[in-house]
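Working notes, beginning with the structure itself.
Here is the structure:
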């Protein structure tokens with residue numbers, strides 16, 4: 017699964033950069049994407065559902081980020097807070113990346129640390145003083 | 394659309410002023426991150442104004458590799474501060 | 078007619094992006110903590126810049142591959158940079 | 005030059021370049037200078053692109069900013085350091101790669117799969133940096149830390165078991181100086197010997213003379229470093 021996502025990402029970048037869909041370019045792109053090195057750690061069990069969920073989370077994060085931005089502009093958020101968010105331990109690296117992306121992309125939250133034992137340390141800004 | 398560069402330039406001055414007045418290294422790093430994003434967006438805007446896609450391509454390349462040095466520097470600084 | 082509409086929407090996007098830029102960059106000069114400034118910077122540099130590039134994209138749709146590439150690298154790099162800076166600027170918890 | 009941009013915009017953006025350059029020159033701390041150098045690189049790329057030199061802008065961003073900053077960061081980090089040899093009890097635990105992997109197997113094999121080699125190295129790193137100041141040296145080290153902060157140096161302590169090891173480290177230029185306890189004289193509880201002239205000059209004026217006597221030596225590498233290396237083992 018990781019392999020196909022990786023390949024897909026690389027091909028997307030290749031075609032966006034070259035902007036050329038001729039057969040020669042497709043062949044070159046495929047060869048380049050297969051040749052450049054990648055990591056071979058496949059020992060993380062993760063289902064297709066996990067991936068779909070994580071990708072959906074990061075897509076939803078975009079409109080949510082704009083809503084939060086407007087909210088911050090309308091009502092100032094002056095206070096800071098640190099919370100822990102639980103995740104299933106030993107998640108696949110790609111899933112962790114997508115999680116961190118989705119959380120950090122929204123302006124109210126930033127991941128400051130990821131721990132292997134299964135939590136993210138999330139930094140918040142809040143409107144009211146946290147208890 | 395020509396009006397856009399002036400405000401962008403003024404906003405770019407904010408992080409530059411910040412690096413000048415703040416003595417903390419992480420605050421300077423934040424300003425650096427801000428400046429590097431803003432300049433590459435300005436390059437993209439200029440390429441649209443000029444209708445010159447060579448410059449546009451350079452802007453995109455700078456955008457996609459420019460932050461790498463920032464991350465390396467952040468890691469080095471973290472190691473230095475730990476000692 | 079269509080052209081004018083696209084023009085207005087594009088100008089709106091760029092204007093919104095500039096407002097986000099200003100709003101998010103202004104707190105940089107203040108005395109707040111690094112993490113607080115990172116929040117506002119992610120608002121300015123990621124969301125504001127995405128809005129500006131979308132505005133440019135509406136104006137010049139023929140160059141979409143390049144600008145979509147710009148959008149993707151903007152979103153990913155800036156977000157991950159925010160995480161790396163947040164991670165590096167805070168101390169390791171002693172456990 | 006097309007006329008879509010006014011001359012004012014052009015002049016204003018170009019004026020940023022000398023401003024950033026002056027700011028870079030004015031930085032005292034080398035790490036701050038690196039950060040400001042990054043800003044200068046970003047602005048230079050913008051100005052070059054604005055003036056139509058796309059290739060120069062790309063080179064500035066890739067080589068001038070990315071490569072230069074990375075190389076300088078490594079250079080500054082490895083050169084701005086004061087390695088001080090001290091006598092302190094070192095109980096180095098046996099750390100070897102075999103040892104590390106055995107530990108991993110005891111903890112469970114999954115741990116081992118993720119970091120097969122880096123674990124012992126990480127232990128070593130933690131050991132070096134978790135080394136605490138020996139209590140009898142504290143006043144001197146406090147003074148030295150102030151001195152190092154002022155000159156953006158890193159103070160790295162190299163604990164050695166005895167005087168012989170210290171001398172050997174000095175001879176092979178492994179350390180820049182050694183700090184010793186002066187057992188008898190109460191007036192100067194410590195003696196510091198450095199082999200770098202510049203450090204000696206700076207310390208002479210800035211280190212508290214009531215705490216330590218300062219000395220300098222010149223050392224030359226032994227004739228045949230290979231020979232001395234094997235003899236020490």
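Protein chains in written order, with the numbering used here: chain A, 17 to 147; chain B, 394 to 476; chain C, 78 to 172; chain D, 5 to 237. Using N, Cα and C, we set each Cβ at its ideal position, and we do this for glycine too.
Listed as beta-bridge partners of residue 30 of chain A by DSSP are no residues whatsoever. Just measuring C-alpha positions, the residue of A/21, A/132, A/138, A/19 sitting nearest residue 105 of chain A is A/132.
Beta bridge pairing from DSSP links residue 182 of chain D with D/89, D/197.
Straight across, the Cα-Cα distance linking residue 79 of chain C with residue 69 of chain D is about 43 Å. Taken through DSSP and simplified to helix, strand or coil, residue 417 of chain B comes out as coil. Listed along the chain, the chain B residues whose CB falls inside 9 Å of the CB of residue 146 of chain C are 453, 456, 457.
When only Cα atoms are considered, residue 89 of chain A and residue 143 of chain A end up about 12 Å apart. Proximity of chain C to residue 116 of chain A at the Cβ level (cut-off 7 Å) is accounted for by 160, in chain order.
Among the CB atoms of chain A, one or more fall inside 8 Å of the CB of residue 100 of chain C. Under the three-pair Cβ rule at 8 Å, the region 424–438 of chain B counts as touching the region 46–55 of chain D. For the region 80–94 of chain A, the set of positions with a beta-carbon nearer than 7 Å to some beta-carbon of chain C reads 81, 82, 85, 88, 89 in chain order. Taking each of D/25, D/33, D/31, D/35 in turn and checking the Cα distance to residue 46 of chain D, the smallest one comes out for D/25. When the alpha-carbon of residue 179 of chain D is set against those of D/171, D/61, D/185, the nearest one is in D/171. Looking at C/106, C/84, C/95, C/149, the one whose alpha-carbon comes closest to that of residue 28 of chain A is C/149.
Note on geometry: alpha-carbon atoms of residue 64 of chain D and residue 128 of chain C lie some 27 Å from one another. Per DSSP, reduced to three states, the secondary structure at residue 143 of chain A is coil, with no helix or strand assignment. The beta-carbon of residue 441 of chain B is placed less than 8 Å from the nearest beta-carbon of chain C.
Distances from the CA of residue 102 of chain C to each of B/464, B/416, B/425, B/457 were compared; the closest alpha carbon is that of B/425.
With fewer than 16 other Cβ atoms from the protein chains shown falling within 10 Å of its own Cβ, residue 91 of chain A counts as exposed. Listed along chain B is no residue with a C-beta nearer than 9 Å to that of residue 124 of chain C; the closest approach is about 11 Å. The region 448–465 of chain B and the region 107–116 of chain C do not touch, with fewer than three beta-carbon pairs separated by less than 8 Å. Under the 8 Å Cβ criterion, the region 13–25 of chain D counts as touching the region 404–417 of chain B, having at least three qualifying pairs.
Fewer than three beta-carbon pairs drawn from the region 88–95 of chain C and the region 118–125 of chain A are found closer than 8 Å, and the two stretches are therefore not classed as touching. Taking 8 Å as the CB threshold, residue 99 of chain A stays off the interface with chain C. The secondary-structure analysis by DSSP pairs residue 158 of chain D across a beta bridge with D/85.
Among the residues facing chain C, residue 473 of chain B is not included, as its CB has no counterpart in that chain under 8 Å away. Taking every protein chain shown into account, the CB of residue 116 of chain C has 16 or more other CB atoms within 10 angstroms, so this residue is buried. Contact note: residue 110 of chain C reaches chain A through 96, using a C-beta cutoff of 8 Å and chain order. When the Cα atoms are used, residue 42 of chain D and residue 469 of chain B turn out to be separated by approximately 15 Å.
Each residue's CA atom was taken as its position, placing residue 203 of chain D and residue 173 of chain D some 18 Å apart.
Using a CB distance cut-off of 8 Å, residue 139 of chain C does not count as an interface residue toward chain A. For a Cβ distance threshold of 7 Å, residue set 126 of chain A lies close to residue 115 of chain C, ordered along the chain. If you check the CB distance, residue 147 of chain D and residue 215 of chain D come in under 8 Å. At the C-beta level, residue 194 of chain D and residue 184 of chain D come within 8 Å of one another.
Distances from the alpha-carbon of residue 134 of chain C to those of B/454, B/403, B/450, B/441 put B/441 closest. DSSP, reduced to helix, strand and coil, places residue 92 of chain A outside both helices and strands of the structure shown, so it counts as coil.
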